[in-house]
Amino acid sequence: MVDLNDRITILPELATMDFSTRQSKLLRNFKDPAPMREEVSLVVHRDFVKKRLIEALKKVILQNLPQKIKQNKNQHVVPI
Numbered sequence: 041m042v043d044l045n046d047r048i049t050i051l052p053e054l055a056t057m058d059f060s061t062r063q064s065k066l067l068r069n070f071k072d073p074a075p076m077r078e079e080v081s082l083v084v085h086r087d088f089v090k091k092r093l094i095e096a097l098k099k100v101i102l103q104n105l106p107q108k109i110k111q112n113k114n115q116h117v118v119p120i
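If you want the working numbering, it's the position in the sequence shown, counting the first as 1, plus 40.
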């Protein structure tokens, strides 16, 4: 829809990792300081007993983040 009607949308960077060359050429980045959210949250009930499962999930998520995301140090935190 965006492609066909000259519209814009804001996409998370991780959602663009598998874009084709043609799609990648259509991407535009924000000017610095670019807004970013480098956060993956795992929220569980305090009585959740499968702590090893959560730790395993955390490990897999961290192992599979692209290196570009892991190394991004150009951050500007905006207070709420």
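Idealized CB from N, CA, C, for every residue including glycine.
The structure presented is a predicted model; accordingly, all values stated were derived computationally and were not measured.
1. Which one of 69, 54, 82 has the shortest CA to CA distance from residue 127?
2. Can you grab the Cα-Cα spacing for the pair residue 89 / residue 60, in whole Å?
3. Using the Cα positions of residue 69 and residue 58, report the straight-line distance between them to the nearest angstrom.
4. Taking 8 Å as the limit between beta carbons, can you name the residues of its chain near residue 85, skipping five residues before and five after?
5. For residue 64 and residue 87, what's the separation of their Cα atoms in angstroms?
Per the coordinate set shown:
1. Since the first residue of the chain shown is 41 and the last is 120, residue 127 is not available in this structure.
2. 42 Å
3. 17 Å
4. none
5. 44 Å
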